[in-house]
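>
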Amino acid sequence: MMLLTPAILILLLSLCTPGTGASEYTSVLTVPNGARWGKGGSWQFCRSGYANGLALKINFSLFPTISYDTALNGIRLQHRDDSVTKFLMGEWGTWTSFQVCPGGYLISFSLRTEKSQGGGDDTAATNTQFRCSDAAVLVGDGLSWGRFGPWSKSCNICSLQTKVEPPQGLQDDTALSNV
Numbered sequence: 000m001m002l003l004t005p006a007i008l009i010l011l012l013s014l015c016t017p018g019t020g021a022s023e024y025t026s027v028l029t030v031p032n033g034a035r036w037g038k039g040g041s042w043q044f045c046r047s048g049y050a051n052g053l054a055l056k057i058n059f060s061l062f063p064t065i066s067y068d069t070a071l072n073g074i075r076l077q078h079r080d081d082s083v084t085k086f087l088m089g090e091w092g093t094w095t096s097f098q099v100c101p102g103g104y105l106i107s108f109s110l111r112t113e114k115s116q117g118g119g120d121d122t123a124a125t126n127t128q129f130r131c132s133d134a135a136v137l138v139g140d141g142l143s144w145g146r147f148g149p150w151s152k153s154c155n156i157c158s159l160q161t162k163v164e165p166p167q168g169l170q171d172d173t174a175l176s177n178v
């Protein structure tokens with residue numbers, strides 16, 4: 000499997016109109032290091048304005064010979080009114096606590112990915128980090144495997160689309176491979 004093809008890590012983000020259900024956007028932010036496995040979920044927009052926090056769904060096996068690691072399985076966005084937007088996610092893992100910008104909103108992101116392991120256990124995306132409009136950086140509580148790629152361009156984040164590989168039975172599962 001070839002893991003890192005130029006990606007569609009699409010954190011759909013942007014100048015969504017605050018308080019309107021955020022159904023319009025002006026930009027799509029992408030990064031080049033997401034993986035190609037899986038299918039993209041539908042766009043889910045913030046109900047009011049922009050996202051200011053995130054939580055990750057992480058899976059890690061202590062016994063990789065018995066089961067596959069899938070690393071990053073999901074992302075949830077939190078908003079100023081404490082509402083949460085969920086997206087297509089993998090089946091495995093546990094949710095981390097929310098991290099929230101001290102002031103402002105999420106404006107850009109970077110994805111940590113692990114290169115293809117050949118015949119080994121592929122994980123695709125293992126973590127993400129977001130930059131806030133107040134200059135804070137929120138590094139997810141994901142895994143340390145792989146490397147963070149470049150930062151996306153910046154604009155207020157009002158949505159995202161995740162790409163998730165469905166369960167592969169007895170074959171190698173990767174779960175979330177791109178945003």
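For the sequence shown, numbering that gives the first Met the number 0 assigns the number 0 to the initial residue and increments by one for each residue that follows.
The beta-carbon is built from N, C-alpha and C at its ideal position, and this holds for glycine as well.
Rounded to the nearest angstrom, what separates Cys131 and Thr29 at their Cα positions?
C-alpha separation (whole angstroms): 17 Å.
> Taking DSSP as the reference, what is the three-state secondary structure of Leu76?
The answer is strand: DSSP assigns Leu76 an E or B state.
> Can you tell me which residues form a DSSP beta bridge with Cys131?
BP columns for Cys131 point to Leu105.
> Within a Cβ cutoff of 8 Å, which residues of the same chain sit near Lys85, ignoring the five residues on either side of it in sequence?
Around Lys85: Gln43, Gly73, Arg75.
> Just to check my reading of the structure: Asn51 and Gly92 have Cβ atoms closer than 8 Å, yes? What is that Cβ distance to the nearest angstrom?
Not a contact, Cβ separation roughly 23 Å.
> Helix, strand or coil: which one does DSSP assign to Asn126?
The answer is strand: DSSP assigns Asn126 an E or B state.
> For Leu142, which of helix, strand or coil comes out of DSSP?
Three-state result, Leu142: coil.
> Cutting at 6 Å between CB atoms, please list the residues of its own chain near Ser151, excluding the five before and the five after it.
So the list reads Leu28, Val30, Ser107, Phe108, once near-sequence residues are dropped.
> Going by beta carbon distance, what residues of the same chain come within less than 8 Å of Ser13, once the five residues before and after it are set aside?
Because Ser13 carries a pLDDT of 39, less than 50, the predicted location of this residue cannot be relied on, and the following value inherits that uncertainty. Excluding sequence neighbours, Ser13 sits near Tyr24, Thr25, Ser26, Val27, Leu28, Cys154, Asn155, Ile156, Cys157.
> If you run the structure through DSSP and keep just helix, strand and coil, what is Arg46?
It is coil, neither helix nor strand.
> Which residue marks the beginning of the beta strand (DSSP E) containing Thr84, and which one marks its end?
It spans 83-85 - the beta strand (DSSP E) in which Thr84 sits, taken as one unbroken run.
> Starting from the C-beta of Asp80, find all residues in its chain whose C-beta is less than 6 Å away, skip the five residues before and the five after it, and write them out in chain order.
Result list for Asp80: Ser47, in chain order.
> With distance defined between alpha-carbon atoms, name the residue in Lys56, Ser82, Asn32 nearest to Cys45.
Cα-wise, what sits closest to Cys45 is Ser82.
> Any idea what DSSP makes of Asn58, helix, strand or coil?
Strand at Asn58.
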